[in-house]
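Participant:
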Amino acid sequence: MSRRFYMDFERPVVELEERLEELKKHPAAHQPDIAKEIKFLEAQMGRLKKRVYSNLTAWQKVQISRHPERPPFSAYLDNIFHDFIELHGDRSFGDDQAIVGGLAKIDGRAVMVVGQEKGRGTHGRLKRNFGMAHPEGYRKAGRLYKLAGKFGLPLVTFIDTPGAYAGIGAEERGQAGAIAECLRTMSSLPVPIVTVNIGEGGSGGALALGVTDRFFMLENAYYSVITPEGCAAILWQEKEKAPEAAEALRLTADQLVQLGIIDGIIPEPLGGAHRDPQTVARQVGDSVIKALGELSPVPAEQLKQARYDRFRRIGVFSEGKESDERANRSNV
Amino acid sequence: MSRRFYMDFERPVVELEERLEELKKHPAAHQPDIAKEIKFLEAQMGRLKKRVYSNLTAWQKVQISRHPERPPFSAYLDNIFHDFIELHGDRSFGDDQAIVGGLAKIDGRAVMVVGQEKGRGTHGRLKRNFGMAHPEGYRKAGRLYKLAGKFGLPLVTFIDTPGAYAGIGAEERGQAGAIAECLRTMSSLPVPIVTVNIGEGGSGGALALGVTDRFFMLENAYYSVITPEGCAAILWQEKEKAPEAAEALRLTADQLVQLGIIDGIIPEPLGGAHRDPQTVARQVGDSVIKALGELSPVPAEQLKQARYDRFRRIGVFSEGKESDERANRSNV
Amino acid sequence: MSFTDWLKGREQKARGAADKRAVPDGIWSKCAVCGHIIFQKEILSNYHVCPECGHHFALAPYERISMLLDDGSFTAIDEDLRPQDPLEFDGRKPYRQSLNNAIETTGQREAIVTGFGRIDSHRVAFGVMDFAFIAGSMGSVVGEKVTRLFEAAMAEQTPVITVAGSGGARMQEGMLSLMQMAKTAAAVERHNQAGLLYISIFTNPTSGGVLASFASLADILIAEPKAFVGFAGPRVIEQTLNETLPKGFQTSASMLEHGMIDMIVARSALKNTTAQLIASLGYKERSVV
Amino acid sequence: MSFTDWLKGREQKARGAADKRAVPDGIWSKCAVCGHIIFQKEILSNYHVCPECGHHFALAPYERISMLLDDGSFTAIDEDLRPQDPLEFDGRKPYRQSLNNAIETTGQREAIVTGFGRIDSHRVAFGVMDFAFIAGSMGSVVGEKVTRLFEAAMAEQTPVITVAGSGGARMQEGMLSLMQMAKTAAAVERHNQAGLLYISIFTNPTSGGVLASFASLADILIAEPKAFVGFAGPRVIEQTLNETLPKGFQTSASMLEHGMIDMIVARSALKNTTAQLIASLGYKERSVV
Ligand SMILES: [Zn+2]
Ligand SMILES: [Zn+2]
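Protein chains in written order, with my numbering: chain A, 452 to 783; chain B, 452 to 783; chain C, 2 to 290; chain D, 2 to 290.
1. Report yes if the C-beta distance between Ala126(D) and Glu80(D) is below 9 Å; otherwise report no.
2. Three or more C-beta pairs under 8 Å: does that hold for the region 605 to 617 of chain B against the region 697 to 704 of chain B?
3. In the DSSP output, what is His738(B) paired with across the bridge?
4. Give, in chain order, every residue of the region 681 to 692 of chain A whose Cβ lies closer than 7 Å to some Cβ of chain D.
5. Using beta carbons (cut-off 9 Å, strictly below), is His57(C) in contact with chain A?
6. How big is the Cα-Cα spacing for Pro750(B) and Ala757(B)?
7. Indicate whether Leu246(D) and Pro160(D) have their beta-carbon atoms separated by less than 9 Å.
8. Let me know the secondary structure DSSP gives Asp484(A) once reduced to three states.
9. Tell me the DSSP bridge mates of Ala103(D)?
10. Of all the beta strand (DSSP E) runs that stay within the bounds of the region 46 to 80 of chain D, which reach a length of 3 or more residues?
11. Consider the Cβ of Phe544(A): report whether some Cβ of chain B lies at a distance smaller than 9 Å.
12. Closer than 9 Å, CB to CB, is Asp220(C) near chain A or not?
13. Given a limit of 7 Å on CB to CB distance, which residues of the region 244 to 265 of chain C reach chain A?
14. State the start and end residues of the unbroken beta strand (DSSP E) segment that holds Tyr589(A).
15. Within 10 angstroms of its Cβ, does Arg761(B) collect 16 or more other Cβ (buried), or is it exposed?
16. Quick one: is Ile515(B) near chain C, going by C-beta distance under 9 Å?
17. Give a yes or no on whether 9 Å exceeds the smallest Cβ distance from Glu752(B) to chain C.
18. List the endpoints of the continuous beta strand (DSSP E) containing Arg665(A).
19. Helix or strand or just coil, what does DSSP make of Ala23(C)?
20. DSSP on Pro84(D), reduced to helix/strand/coil?
21. Taking Phe215(C) as the reference, give the member of Thr185(C), Met261(C) and Ile120(C) with the closest Cα.
22. Quick one: what's Asp91(D) bridged to in DSSP?
23. Can we count Cys682(B) as close to ligand 2, meaning its CB is less than 8 Å from some heavy atom?
24. Could you give the distance in angstroms between the alpha-carbon of Arg22(C) and the alpha-carbon of Gln41(C)?
25. Taking C-beta to C-beta, are Glu174(D) and Pro84(D) nearer than 9 Å?
26. In whole angstroms, what separates the C-alpha of Val767(B) from that of Arg462(B)?
27. Three-state secondary structure (DSSP) at Thr678(A)?
28. Taking all protein chains shown into account, do 16 or more other C-beta atoms lie within 10 angstroms of the C-beta of Gly231(D), making it buried, or fewer, making it exposed?
29. For Ile489(B), which option in Gly582(B), Arg470(B), Leu507(B) and Ala509(B) has the closest C-alpha, if you only look at C-alpha atoms?
30. Using beta carbons (cut-off 9 Å, strictly below), is Ser67(C) in contact with chain A?
31. Using a 10 Å radius around the Cβ and a threshold of 16 neighbouring Cβ atoms, would you call Arg651(B) buried or exposed?
32. Here's the rule I'm using: 16 or more other beta-carbon atoms within 10 Å means buried, otherwise exposed. How should Asn243(C) be labelled?
33. Please tell me whether Val676(B) has its Cβ less than 9 Å away from any Cβ of chain C.
34. List the residues that DSSP assigns as beta-bridge partners of Ser208(C).
35. Using a Cβ-Cβ cut-off of 9 Å, state whether Val783(A) counts as contacting chain B.
36. Under the assumption that Leu669(B) contacts Ile649(B) (Cβ atoms under 8 Å), give the Cβ distance between them as a whole number of angstroms.
Shown next as structure tokens:
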């Protein structure tokens, strides 16, 4: 069999899986003693998986979120939405393939959907620049946000990026300004916004799709102010401390629920979303549909105010005389 | 003396001027007979100038409008406005030097001023791309229009371009769309707009600064749907027919007043604006100040409606049954 | 060669009809792009697209209407608007003569047909340009008809669909033509500010003052495959630059790559796509504004 | 070398004060860029700009306030907001320790001072960042103070001026810091929609999450000469590209050339320019909206 990609901590699971598959292919697989061993190993497998995957560290989750077989945005587009019409281009420089957007229907409801696409396969990943958008990608996103606003269409966004692209052209064409404009536009958009982080949520490049009314994360997705590697390089002065940085940054879905930054976690099968993309997509779809159902009756002004308040209250600090300290921790 | 640039039809004037200057420099210039000749020639000069310059053809005016010494936008900026603060850039690609704009005061009134700058001297002209803007120039203009709109500042625009630049990058970055956006933005801007065409008014590239409430032209400026050369190449199949094309296109200030397309003509000295830039600038300033004075008390909605109506009624066609024809020539 | 000549060349190439012959089995044409022999009924059943190479032949306005709108749903407006010769323009050929030729050849009174119709039952204001009428150029009548179309759509609160095919502003009406750019752009903007949908479709070729005014100001920009779409004519650019242009420059594919249009849609899918767009965008819930 | 190290290197270079000595005639410093020896009072009288090479030395918030605002006009707000350590962040150095060091070194409680003051008698809301405080990074307190500043400016209908100098979002507060980008951008947008003026001034360096949020969303963007202005750190880009960066990349001059900022203004002219901008834009006639 062709060797699958696996992460270090998965080695025992993969080895057992391989042994099982080999046994099952054996000509004598139906013989009682071999069948018995298969049965035994299968039981062992269940226990092993649970042990390996149930208590993942932050860094292990980061690794799963980057798994090359992890379903990208296009998988959700195909599985949850129908009648998708892709809309291209920023109308001034290019059509950035790292961000895909357009009109679609979900559960019969017309929406605008915009997401970061990492692509599949070497060619696909290169074409999508591994999900790292240039300014023209963010300007395309901003254009589609405004179109959604004009026509009263709910906006659904999917985050999956290591970060905005760091390159010469990206800087020269105003990466920071393009991201800032997205934040501004989303913050005052008169339509419901629902966001799902399906993998990597890398800093400002992710947030440009995340100024939202409802924010969901897949169980193994991460959302962070900086990549663990970047943080390790700066604060520990060594990249190898990325696992420690991942822990310290509190970037996992459950930690972010605790911090009051996200609204819900969508479960993944043991091992990650790539082990059962259909089921995960269905659960993502259910969460989006439910959130749209809740938000759609809300008048635009009220939506905008609630979105403002949502971000307005995030922050942890103390205030008042030091002796008479009153901490703002409303979100914790 | 260094030879001045002159156009064919000016040759007799220039020759006489040169002879006069020579005589005046003559050591014996104060002697009665030479002084007498100088006096005679000066009288002749007046008559000659009047004859040469008073009945210019359309093509001759086009040539004057392109005179290398003709005062560019910057001359008006320096002479009419004060406290100019230039604002640069389109915030997404570049800072096009063919269009200059910023905040300024005219007669004490704060305005936004935007104009096409051809530059002076070889270096200056190259830097300004001969007044031919790229899409980023039009996007900068559009950004400044919106800024004027936000802050309730009247907008004053100066047109002087052979046309929008025709090049690979310009096309690839959306020249047509950038111009169209300017038309759209100006048409609904909630502030007074006053425009002066100080030289060349080349097609859509000029119109992107000309969706206005008051349109003035210098006496020798032209404003045309296509350059005479371009028109000749297409309709006559030979560029040498440019003079005929210039005549046919009705592109001079007086013809455009008759067609109801512009509001007023600002006179130039015999020979063209470059013969007395200060006086011309003063007159341009007076026209702008007067127009701003008229427009400023008008409420925004009324301004916008009047601007819509202004362009709405332009067009000559017939309507109704052919036998019972009712021509729309309201503007003529 | 001028831009118009070049465009006409493309146009003639594009009309398989130029090479039409009759044989016992029926009428056939030769595709000017790939040389494929096509029977007329095959052309008709294939949306006037060459079945061999996919070339999109030019369409007359009523062919476009029959392909894009529901059968019999179209009612023209402002049909009686006719051009004048306000400048008494006399180039190598007097404008009057060009107009008469165009009227004779196309059977149309001007370079655009406007009106109301239905697309998959959605009522829309619809305008389609006719490149065969003086290179689809925009003079007073085209500008006026486009403007009235948007005004009528505002009054009825309907989307607007336009199909552009144009060499630009009409030179023979001078500055009156240039002013139609401002006039139509202003009308589009009012329609836009009323929250209504505008879909603009670029066909081969769409350029100059039409591309630089109303046609570019739509919410959704669609181009037919392999259409020329650009502001300046390629000859003009070549003269400016004194070099040949990159392959594929100023095509719908290049426009898509450079972010200028939303999508390229083959003629056979155009009605469905348009209908789908209208279903999503055309009739918003006003409450959210 | 990390971006922060690199920035710190620049910062130390920039502070002539790092090289301060006392001689009989007074206190002098050496310009870290050109090596010129400058007496302290010469630095003060020259806006903390090297008279030899024009290098703009970094300023403490109250130095900036004294240069930009009318004498004695500034009143701070929200001074009592103090950072917490919500993640109990423990890198090579615990966050608590970094905070204590920063507070001790700068004498400030956080990386921004906000308040109200006057510029040429025009009342403005004013915020100035302090790069010396944990690289001018934006955590909960900076985000909250910026947001309150814009909200207070809306209540008073005054313009806002901010002076940015920042390495980006504060890592040690994790996602709470990233969210400050959204929070401040939303506050700027409300102030903008109220028709009020915002002028943003970039000093050396302005980058990351501050540049990608409120600081870029001003009506007028100004940079000091030769300031580093960019989203990603140059080391990050070099690692991505595996090549060295073009000369002048990510400087205020390059930003101007690429259309990202309105102007570069030397420190000595900053007050005048700002005052002139406010006079033109700050107090619009409401009737025209
Ligand atoms: Zn063919
Ligand atoms: Zn120095």
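No residue lacks a Cβ here, since even glycine has one placed at the ideal position from N, Cα and C.
Facilitator: From the atom records:
1. Here residue 126(D) is taken as the residue at index 125 of the fourth sequence, counted from 1. Here residue 80(D) is taken as the residue at index 79 of the fourth sequence, counted from 1. Going by C-beta atoms, Ala126(D) is not nearer than 9 Å to Glu80(D).
2. Not touching, per the Cβ criterion.
3. Locating residue 738(B) in the second sequence gives position 287, where the first residue counts as 1. Looking at the sequence shown, residue 738(B) is not His but Ser. As computed with DSSP, Ser738(B) is found in no beta bridge at all.
4. Residues passing the 7 Å Cβ filter: Cys682, Ala684, Ile685, Leu686, Trp687 and Gln688.
5. Position 56 of the third sequence holds residue 57(C). It does not: the Cβ of His57(C) has no partner Cβ on chain A nearer than 9 Å.
6. In the second sequence, the residue the question calls residue 750(B) occupies position 299. In the second sequence, the residue the question calls residue 757(B) occupies position 306. Rounded to the nearest angstrom, the two C-alpha atoms are 11 Å apart.
7. In the fourth sequence, the residue the question calls residue 246(D) occupies position 245. In the fourth sequence, the residue the question calls residue 160(D) occupies position 159. It is not a contact, given that the beta carbons lie outside the stated cut-off.
8. Within the first sequence, the letter at position 33 stands for residue 484(A). For Asp484(A), the three-state secondary structure derived from DSSP is helix.
9. For the purposes of this step, residue 103(D) is taken as the residue at position 102 of the fourth sequence. None; Ala103(D) has no bridge partner.
10. If we require 3 residues or more, the beta strand (DSSP E) runs fully inside the region 46 to 80 of chain D come out as 76 to 78.
11. Translated into the one-based positions of the first sequence, residue 544(A) becomes position 93. Under the Cβ criterion of 9 Å, Phe544(A) is counted among the residues facing chain B.
12. Taking the first residue of the third sequence as position 1, residue 220(C) is located at position 219. With its beta carbon less than 9 Å from one in chain A, Asp220(C) belongs to the interface.
13. Of all residues in the region 244 to 265 of chain C, Leu257, Glu258, His259, Gly260, Met261, Ile262, Asp263 and Met264 have a Cβ within less than 7 Å of some Cβ in chain A.
14. Residue numbering aside, residue 589(A) sits at position 138 when the first sequence is read from its first letter. First-last for Tyr589(A): Pro586 to Phe602, but that is the alpha helix (DSSP H), not the beta strand (DSSP E).
15. For the purposes of this step, residue 761(B) is identified with residue 310 of the second sequence, where counting begins at 1. When all chains shown are included, Arg761(B) counts as buried.
16. As a first step, residue 515(B) must be located in the second sequence, where it is residue number 64. Proximity of Ile515(B) to chain C, defined by a Cβ-Cβ separation below 9 Å, is not satisfied.
17. What you label residue 752(B) is simply residue 301 of the second sequence in a count that begins at 1. Taking Cβ atoms only, chain C never reaches closer than 9 Å to Glu752(B), which makes this a no.
18. The residue labelled residue 665(A) in the question sits at position 214 within the first sequence. Bounds of the beta strand (DSSP E) holding Arg665(A) are Arg665 to Leu669.
19. Counting from 1 along the third sequence, the entry for residue 23(C) is found at position 22. Note that Ala23(C) scores a pLDDT of 48, beneath 50, so its modelled location is shaky; the value from the coordinates is reported in the next line. It is a strand residue.
20. Along the fourth sequence, read from residue 1 onward, the residue named residue 84(D) stands at position 83. Looking at Pro84(D) - three-state DSSP - the assignment turns out to be strand.
21. The residue given as residue 215(C) occupies position 214 in the third sequence. The option with the nearest alpha carbon to Phe215(C) is Thr185(C).
22. Here residue 91(D) is taken as the residue at index 90 of the fourth sequence, counted from 1. Under DSSP, the beta-bridge partners assigned to Asp91(D) are Pro95(D).
23. Locating residue 682(B) in the second sequence gives position 231, counting from the first residue. The answer is no for Cys682(B).
24. Position 21 of the third sequence, counted from the start, is the residue given in the question as residue 22(C). Position 40 of the third sequence, counted from the start, is the residue given in the question as residue 41(C). Here Arg22(C) scores only 46 on pLDDT, less than 50, and its place in the model should not be relied on; the value that follows carries that caveat. Our two residues, Arg22(C) and Gln41(C), have alpha carbons roughly 10 Å apart in a direct line.
25. Here residue 174(D) refers to the residue found at position 173 when the fourth sequence is read from its first residue. Here residue 84(D) refers to the residue found at position 83 when the fourth sequence is read from its first residue. Yes, Cβ-Cβ distance for Glu174(D) and Pro84(D) is below 9 Å.
26. For the purposes of this step, residue 767(B) is identified with residue 316 of the second sequence, where counting begins at 1. For the purposes of this step, residue 462(B) is identified with residue 11 of the second sequence, where counting begins at 1. When rounded, the distance between both Cα atoms is 40 Å.
27. Within the first sequence, numbered from 1, the residue matching residue 678(A) stands at position 227. Three-state result, Thr678(A): coil.
28. Against the fourth sequence, residue 231(D) aligns to sequence position 230. By the Cβ neighbour-count rule, Gly231(D) is buried, with 16 or more other Cβ atoms within 10 Å of its own.
29. Your numbering for residue 489(B) matches position 38 in the second sequence. For the options Gly582(B), Arg470(B), Leu507(B) and Ala509(B), the alpha carbon positioned closest to that of Ile489(B) is the one of Arg470(B).
30. As a first step, residue 67(C) is located in the third sequence; it is residue number 66 there, counting from the start. Residue contact with chain A for Ser67(C): absent (no Cβ-Cβ distance below 9 Å to any residue of chain A).
31. Mapped onto the second sequence, residue 651(B) falls at position 200. For clarity, residue 651(B) is Glu in the given sequence; the question names Arg instead. Per the 10 Å Cβ criterion, buried.
32. For the purposes of this step, residue 243(C) is taken as residue 242 along the third sequence, with counting starting at 1. When all chains shown are included, Asn243(C) counts as exposed.
33. Numbered from 1 along the second sequence, position 225 holds the residue referred to as residue 676(B). At least one chain C Cβ lies under 9 Å of Val676(B).
34. Position 207 of the third sequence, counting from 1, holds the residue named residue 208(C). DSSP, once it has assigned bridges, lists Gly231(C) as partnering Ser208(C).
35. Within the first sequence, residue 783(A) is the residue found at index 332, counting from 1. With a pLDDT of 38 at Val783(A), under the threshold of 50, the predicted position of this residue should be treated as unreliable, though the coordinate-derived value follows. False, the Cβ-Cβ gap to chain B never drops below 9 Å.
36. Position 218 of the second sequence, counted from the start, is the residue given in the question as residue 669(B). Position 198 of the second sequence, counted from the start, is the residue given in the question as residue 649(B). Sure, about 5 Å apart at Cβ, within 8 Å.
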